[in-house]
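Residue numbers (this note's numbering): 103 to 304.
Okay, so here's the structure we're looking at.
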Ligand code: TYD
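Here is the structure:
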């Protein structure tokens, strides 16, 4: 039996996949159902998450392995800090929705450092629900470019293809207790929203 956190939902997907939009829409839907929700994201906006964003913006330099450890440390704080951590919010009766979780580390950092090591430092509980917004790399790239974030486009495309393959194998091997939904991220936003809303019975 795997370790599962009830009332915890995570969204995963490539950059530009549209997962943040769907995470927000699901939070509104659950609020309409009368549930209290906590919508959150990784990297967090806490001290470790801010350091990660400085690394991503090339303002701070480090090694791929140190960056992987920062993501794992940010996640530990995100889960377990007593002020506004995921576990604390669940205990207080909220449904927690996170835009990204440890599957992102396995898919992204697993392509830049040893994947066995990345799994070891991310031995965190699975969420009750994993919703994967599966969007073609070219659609993601078009969205990233239109946000003005499209630097080193070719490298980015090749990297996202590898990350997408990794997500595919990670989600094929999820424990059976995790409720997993794959959503076509190139479908209309409202169609995706409806599929997700009817899948989540919280
Ligand atoms: P995210 O905040 O989802 O992107 P955006 O700023 O577009 O909303 O994530 C920022 C980047 O961090 C993204 O390229 C994915 C990457 N990332 C990892 O590589 N590993 C991780 O464990 C996480 C949580 C994110």
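By construction, the Cβ of each residue, glycine as well, lies at the ideal position given by its N, Cα and C atoms.
Note that the structure is predicted; figures quoted are calculated from it, not measured.
Return yes when at least one heavy atom of ligand 1 lies under 8 angstroms from the C-beta of residue i, else no.
i, result
"residue 260", "no"
"residue 221", "no"
"residue 153", "no"
"residue 144", "yes"
"residue 130", "no"
"residue 202", "yes"
"residue 156", "no"
"residue 118", "yes"
"residue 211", "yes"
"residue 295", "no"
"residue 177", "yes"
How would you write the range of the alpha helix (DSSP H) that residue i sits in, first residue to last?
i, result
"residue 182", "166–182"
"residue 226", "No alpha helix (DSSP H) holds residue 226; DSSP gives it neither H nor E."
"residue 132", "121–134"
With a threshold of 16 other CB atoms inside 10 Å of the CB of residue i, please say whether the residue is buried or exposed.
i, result
"residue 173", "buried"
"residue 218", "exposed"
"residue 287", "buried"
"residue 274", "exposed"
"residue 229", "buried"
"residue 262", "buried"
"residue 142", "buried"
"residue 256", "exposed"
"residue 211", "buried"
"residue 294", "buried"
At the level of alpha carbons, what is the spacing between residue i and residue j?
i, j, result
"residue 105", "residue 144", "20 angstroms"
"residue 202", "residue 135", "23 angstroms"
"residue 238", "residue 191", "34 angstroms"
"residue 97", "residue 188", "Absent from the model: residue 97. The displayed extent of the chain is 103 to 304, so no value can be given."
"residue 241", "residue 259", "11 angstroms"
"residue 183", "residue 285", "31 angstroms"
Are the CB atoms of residue j and residue i within a distance shorter than 9 angstroms?
i, j, result
"residue 139", "residue 196", "yes"
"residue 178", "residue 234", "no"
"residue 205", "residue 111", "no"
"residue 304", "residue 127", "no"
"residue 159", "residue 232", "no"
"residue 59", "residue 176", "Residue 59 is absent from the structure shown; the chain starts at 103 and stops at 304."
"residue 291", "residue 148", "no"
"residue 214", "residue 166", "yes"
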